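Notes for the one structure printed next.
Right under this line is the structure:
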C-alpha cells in the first residue's frame, strides 16, 4: 500500500468516526451505533503492511476516543490486536471473496468492542454494562460485517484511481504477433 | 517490533497526567471542528429551507397557538416574579442568605458518544463562552447532565445515567433523599436509571416526582429529574433501590441550556 492509499485510509477513518458521532442512524432505533473502524482495519491488515496497520489503529483509535467518554488510547490496542491477528494469517484468507470479507468484518467488529471493554475494566473504569450490551455487540457485529465488503470495493476503486493503469494493448502490430498453437 | 511500539505508545498515553490527557483529548477532538462547522451549516440550511415549506394557513394557526401560549406564559412569569419577590422578603425577614438566580446559556448538541457504553455528547459552547467543568445542563423537560471537559469552542456533557454522573435527588412527595446512578437496564433504555441509598422502609409509589436535592453543590435544588417507576428491596432487605424514568430523553435531544450560578 503506497502513501496516497494509506492517506486515503486514514481520511476515511477520520470521516467514519465523525459520521458515527454525528449521524443518529441506527442509534435512535437500535440504541447502538456501528463502528466503522474494524472494517477498515480488516482491509488494512489484508492489503497493507504492519506500518499501515499501526497508523490506522493509532489515528483511528485516538480519534474515536477523542469523541467518546473513553480515556485516550483505549481503542488503539484492540484495533491493532485484531488487525495483527488477521495480518499474520493473511496468506490463508481469500480476501477477494465478499463472503470472506463479510465474515472477517463481523468477527473484527465483535472482537474490537469486547477487547476495548476488557481494557477499560482492566484500567478500573466503570462503563455502562448489562444484558443489553450483548444486543449492542450483536448489532455492531452485523453492522461491521455489512460494511466490510463495501469498504473493500471503495478502497479497491480508489486504489485503481491512484495507481498506474494496466496496459491493455501490445506495442506490436497484431499481424506481427506470434500465435502459439499446437501443430 | 510494531507490537512493542504500539504497546509503548498506548502505555505512555494511558499514563499521562489527567490534565495533559484531557488537553490531548481536546486537541485530537479539535481535528473535527471544521467537520462540525460544516455539519451545523448543512443542518441550518436544511432547517431554513424547511421553513419555507409550510402553507400560510398552517403558519397562521401556529402563530395563533404561539400567541396564546405567550399570553399564558406571561401570566405565569408574573406569578413567578411575585413569588420570587415574596421569597426574597421572607429570606430578609428571617436573615437567610439570599439565593442568587441562575442564568442560562443555550447550546446545541453537535456530536454524540461514539462508544456504546458511555452517555456523553459534545456541545457547541466552550471556554470562550465561560463554560467550565461541573456546570449543570438542563432542557425544558428537566435535568440533562453536567459539563465534563471544556475546550475552547466545544465541551463534553455527561448525561444523567452515565456512570460518571451521579446526582443527589429527593422524592418530592416523600422527601426521601437518594443518589441517581447508572442502571444496567439503561444500556438499552436511556431514560431508566437507578435511585440508590434509599432508606429501608420507604413510602415510594410509581409516578412520584424526583427532583435534585441540591446536596453535593453541583446541581441546584428543585430541578425536575424524572418519576419513580418501581422499587425493590436490596442487600437482604437493608436498603431500597428504585428505578427512575428520566423526564428528558437525551437520545433525541438537540438543544440544551447550560446553567451558570
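Chains as they are written, first to last, in my numbering: chain H, 1 to 183; chain E, 1001 to 1261.
In this text, a Cβ means the ideal position worked out from N, Cα and C, and glycines have one as well.
Since this is a predicted model, take the numbers as computed values, not measurements.
Contact between the stretch 1203-1211 of chain E and the stretch 1226-1239 of chain E (3+ Cβ pairs under 8 Å): yes
Segment contact flag, the stretch 127-138 of chain H with the stretch 1180-1195 of chain E, C-beta cutoff 8 Å, min 3 pairs: yes
Pick from 1217(E), 1233(E), 1008(E) that is closest to residue 1199(E), judged by C-alpha positions: 1233(E)
Range of the contiguous beta strand (DSSP E) that encloses residue 1145(E): 1143-1150
Any C-beta of chain E under 9 Å from that of residue 162(H): Residue 162(H) is outside the set of residues whose beta carbon lies under 9 Å from a beta carbon in chain E.
Of the residues 1177(E), 1237(E), 1156(E), the one placed nearest residue 1215(E), counting alpha carbons only: 1177(E)
CB contact flag (residue 22(H), residue 1035(E), <9 Å): yes
Counterpart residues of residue 1226(E) in DSSP-defined beta bridges: 1210(E), 1246(E)
Identity of the residue in 1252(E), 1258(E), 1201(E) nearest residue 1220(E) by Cα: 1258(E)
For residue 82(H), the nearest candidate out of 116(H), 174(H), 181(H) (CA to CA): 116(H)
Beta-carbon neighbours of residue 142(H), restricted to chain E and to distances below 8 Å: Result: empty, since nearest Cβ-Cβ is about 14 Å, beyond 8 Å.
Residue 1116(E) vs residue 33(H) beta-carbon contact at 9 Å: Taking 9 Å as the cut-off, the beta carbon of residue 1116(E) is found closer than this to the beta carbon of residue 33(H).
Distance CB(residue 36(H))-CB(residue 16(H)) smaller than 9 Å: yes
C-beta neighbour in chain H for residue 1083(E), strict 9 Å: no
Length of the line joining the Cα atoms of residue 92(H) and residue 27(H): The straight-line gap from Cα to Cα measures roughly 36 Å.
Per DSSP, the bridge partner or partners of residue 1108(E): 1255(E)
Chain H contact for residue 1126(E) (CB, 9 Å cutoff): no
Residue 80(H) versus 1002(E), 1127(E), 1235(E), residue with shortest Cα-Cα distance: 1002(E)
Reference residue 88(H); option with closest CA among 29(H), 46(H), 166(H): 46(H)
Backbone CA spacing between residue 180(H) and residue 104(H) [nearest angstrom]: 43 Å
In DSSP terms, what residue 1123(E) is bridged to: 1109(E), 1155(E)
Residue 24(H) - DSSP class collapsed to helix/strand/coil: coil
Run of the beta strand (DSSP E) containing residue 1180(E), from where it starts to where it stops: 1177-1181
Contact with chain E by residue 28(H), beta-carbon distance below 9 Å: Answer yes: the Cβ-Cβ gap between residue 28(H) and chain E drops below 9 Å somewhere.
Span separating the alpha-carbon of residue 124(H) from that of residue 1057(E): 59 Å
Simplified DSSP state of residue 1019(E), which is helix, strand or coil: helix
Burial state of residue 1042(E) (16 or more Cβ within 10 Å): exposed
Under 7 Å by beta carbon: chain E residues contacting residue 132(H): 1187, 1188
For residue 1173(E), the nearest candidate out of 1031(E), 1236(E), 1138(E), 1210(E) (CA to CA): Residue 1173(E) has its Cα closest to that of 1210(E), out of 1031(E), 1236(E), 1138(E), 1210(E).
Touch test, the stretch 47-64 of chain H against the stretch 1004-1017 of chain E, Cβ-Cβ under 8 Å, three pairs minimum: yes
Start-to-end residues for the beta strand (DSSP E) that takes in residue 1194(E): That run of the beta strand (DSSP E) goes 1192-1198.
Where residue 1236(E) falls: helix, strand or coil (DSSP): coil
Identity of the residue in 1231(E), 1248(E), 1235(E) nearest residue 1223(E) by Cα: 1248(E)
N-terminal and C-terminal residue of the alpha helix (DSSP H) that residue 154(H) is part of: 132-161
Cβ separation of residue 112(H) and residue 78(H), assumed to be a contact under 8 Å, to the nearest whole Å: 5 Å
Selection of the stretch 52-67 of chain H by Cβ proximity to chain E, strictly under 8 Å: 53, 54, 57, 58, 62, 63, 64, 65, 66, 67
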